[in-house]
Structures are given as structure tokens and as C-alpha cells.
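Engineer:
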Amino acid sequence: MGRTILAVLAGLVVAWITITLCEFGGVILHPPAPGTNLADPDALAAHIAGAPPAAMALVLLGWVAGAFDGGLVAALISRLHKRGAALSIGVLVVLGVIANSLMIPHPLWMTVAGLLLPIPAAWLASRLAGGRRKDAA
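Numbering (this note's numbering), first residue to last: 761 to 897.
1) If contacts are defined as beta-carbon pairs under 8 Å, then G856 and A846 qualify, I think. What distance do you get, rounded to the angstrom?
2) Starting from the C-beta of A896, find all residues in its chain whose C-beta is less than 6 Å away, skip the five residues before and the five after it, and write them out in chain order.
3) Counting beta carbon pairs with one atom in the segment 813-823 and one in the segment 771-790, are three or more of them shorter than 8 Å?
4) Which same chain residues end up closer than 7 Å to S838 when comparing Cβ atoms and leaving out the 5 residues on each side of it in sequence?
5) For V872, tell me which candidate among W883, N860, A882 has the shortest Cα-Cα distance.
6) How should T778 be labelled, buried or exposed, when 16 other C-beta atoms within 10 angstroms of its C-beta is the threshold for buried?
7) In or out: M761 buried (at least 16 other Cβ within 10 Å) or exposed?
8) How would you label M863, buried or exposed, when you count the other beta carbons within 10 angstroms and need 16 or more for buried?
9) Whose C-beta lies closer than 7 Å to the C-beta of A805 among residues of the same chain, with five residues either side of it excluded?
10) Do I858 and A827 have their C-beta atoms closer together than 7 Å?
As C-alpha cells, then:
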């Protein structure tokens, strides 16, 4: 059980790094105007509202890729609960998408895709890591 917890923590770190890198890529595609205070929720909402779809798609890609590679790392580290460890990452990413979408308005297509895609991505990662067998109790 301890190894599975460590696997999920390691997967979460990998997912966070992936998501952060993709979000930085979105900022490169759509940099804030000089003097914009992104700590101000209204300024951040205005910045996101003006973002091109490519920048928003890159953030979405981060959510999905983070769930996949974080899930893969969790599944590879975990011995007994590969699928459960990977799916935990997918669920945590979805919870992050929910929290993010409640705090910062996003396009509807992005929120819907962010809710639907991370768990299947994490499941696919568990399959690639050999998580097809039933988890032991």
C-alpha cells in the first residue's frame, strides 16, 4: 500500500510538471499585455477570454498529457494497484480542472474536454504499463 501511495505522489508530480510546461507554452503563444496583473482574477479572465484557440488547446493538451504521463509513472511504480494508481492521477487532474474552471472562466469546449479526457488517458497509461490484470487487494 505504501508503494502505491508513493506511486500516486510521483505520478502527481509528473502530471503537475507536464501541465505547468504546457501552460507556459500557452503563455508563450498568448503573452499577457505589458502591465497585466495575472494575480487579479478579472485581468486573468480577460486575458483568457482573448486567448487564441491554439493557446487554450495547449493547456488542454497539458491536462490530458499530464494525466497520461503521470498515470504511466504511477502505474509503473505501483506493483499491485497499477490501474488504481494511474486512475487516481486521472481523477486528481479532473478535480484540478474543476477547481480551475470554477476559479477562472474557460471556453466551454475546453472545460468539457478537460472533464472527459484525463481519466481515459490515465486508463490508457495503465494499460501500457501492464495494468490489465485485476488489482490485488
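Using N, Cα and C, we set each Cβ at its ideal position, and we do this for glycine too.
These numbers were taken from a predicted model, which means no experiment stands behind them.
Structural biologist: Considering the structure as presented:
1) Not a contact, Cβ separation roughly 16 Å.
2) Since pLDDT at A896 reaches only 47, below the 50 mark, its modelled position is unreliable, and the value read off the structure follows with that caveat. Cβ neighbours of A896 beyond the five flanking positions: L840.
3) In short, these stretches touch, since the Cβ pair count reaches three.
4) R763, T764, A767, A845
5) N860
6) buried
7) exposed
8) exposed
9) I864, P865
10) Not closer than 7 Å, so no.
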